[in-house]
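K.L.:
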Amino acid sequence: MPRSYWDTIDAWQEVEFVEGFVLTEVEDPEQLFRFYAEVNVNNSRLWELFTDLAAMLPSVCACIFCPYEDEVTHGEYQDKALVLGKLASLQKELVQDCFLEFGLIYEDEKTLMEAYVAESKFVKVWGVDRQHFEQIMQQHRIPAFEEMRFVDEFPKVVVPLTKLDAEARPTEEVIALLEKAFAPNQC
Numbered sequence: 001m002p003r004s005y006w007d008t009i010d011a012w013q014e015v016e017f018v019e020g021f022v023l024t025e026v027e028d029p030e031q032l033f034r035f036y037a038e039v040n041v042n043n044s045r046l047w048e049l050f051t052d053l054a055a056m057l058p059s060v061c062a063c064i065f066c067p068y069e070d071e072v073t074h075g076e077y078q079d080k081a082l083v084l085g086k087l088a089s090l091q092k093e094l095v096q097d098c099f100l101e102f103g104l105i106y107e108d109e110k111t112l113m114e115a116y117v118a119e120s121k122f123v124k125v126w127g128v129d130r131q132h133f134e135q136i137m138q139q140h141r142i143p144a145f146e147e148m149r150f151v152d153e154f155p156k157v158v159v160p161l162t163k164l165d166a167e168a169r170p171t172e173e174v175i176a177l178l179e180k181a182f183a184p185n186q187c
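For the sequence shown, the UniProt record's numbering gives the first residue as 1, with consecutive numbering after it.
#1: Could you have a look at Y5 and say whether DSSP puts it in helix, strand or coil?
#2: Report yes or no: do the stretch 78 to 89 and the stretch 132 to 149 share at least 3 C-beta pairs separated by less than 8 angstroms?
#3: Please go through the same chain and pick out, in chain order, the residues whose beta-carbon is closer than 8 angstroms to the beta-carbon of V174, but skip the five residues on each side of it.
#4: Looking only at C-alpha atoms, which of Y106, P170, E19 and F182 sits nearest to R45?
#5: In chain order, what residues of the same chain lie with their CB nearer than 6 angstroms to the CB of Y106, ignoring the 5 residues before and after it?
#6: Closer than 8 angstroms is the cut-off here; do at least three beta carbon pairs connect the stretch 157 to 175 with the stretch 38 to 53?
#7: Going straight from the alpha carbon of K110 to that of W126, what length do you get?
#8: In angstroms with no decimal places, state the Cα-to-Cα distance between D28 and R34.
#9: When the Cα of A88 is compared with those of G103, H74 and V123, which residue comes out closest?
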């Protein structure tokens, strides 16, 4: 390992990752969202949190997804319940495969709302109703912090989920299923 990473590795060993969120208010009227938050949650609770955060979006939204460090595919706007149903069939891979990022988005000329699960499996939220977001955090007993450390700040090694779980679908297969379900015209 290069010496330049040693300080970062030392810092990693001193960090205790906890459930929590950091929220930043956005007062710029040019922005289409009023707050941005990053949420760290235990992976066993990630899917439940994600589906509850989906309640912040309108009944019609789009799925967005991509392989890690690739261009995001923006699906077609569909009924949110149908989108969540399709995503549920891929739940294991979506919440455990660190080569996959995914989320839900709604955007129009005045509003941007998004719940996005990054490759490191923490959630990024852009929203307009801070009170609703904080209610969801309270419901899940996820505390607010002024600042937090997230795993993507540190060097990491990512292995395919199929090496850890022989029954998991390969990343490429999941992406193909997402493209077929949400962006059939881009396939």
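We put the CB at the ideal spot given by N, CA and C, even for glycine. Computed from a prediction, not measured in an experiment: that's the story for all the values here.
P.N.:
According to the structure data:
#1: Confidence in Y5 is poor, its pLDDT being 47 and thus under 50, which makes the residue's placement too unreliable to answer from.
#2: Two segments are said to touch when three or more pairs of C-beta atoms, one from each, lie closer than 8 angstroms; by this definition the stretch 78 to 89 does not touch the stretch 132 to 149.
#3: L90, E93, L94, D97 and L100
#4: E19
#5: So the list reads L57, P58, C61 and M113, once near-sequence residues are dropped.
#6: no
#7: 13 angstroms
#8: 8 angstroms
#9: Considering only alpha carbons, the answer is G103.
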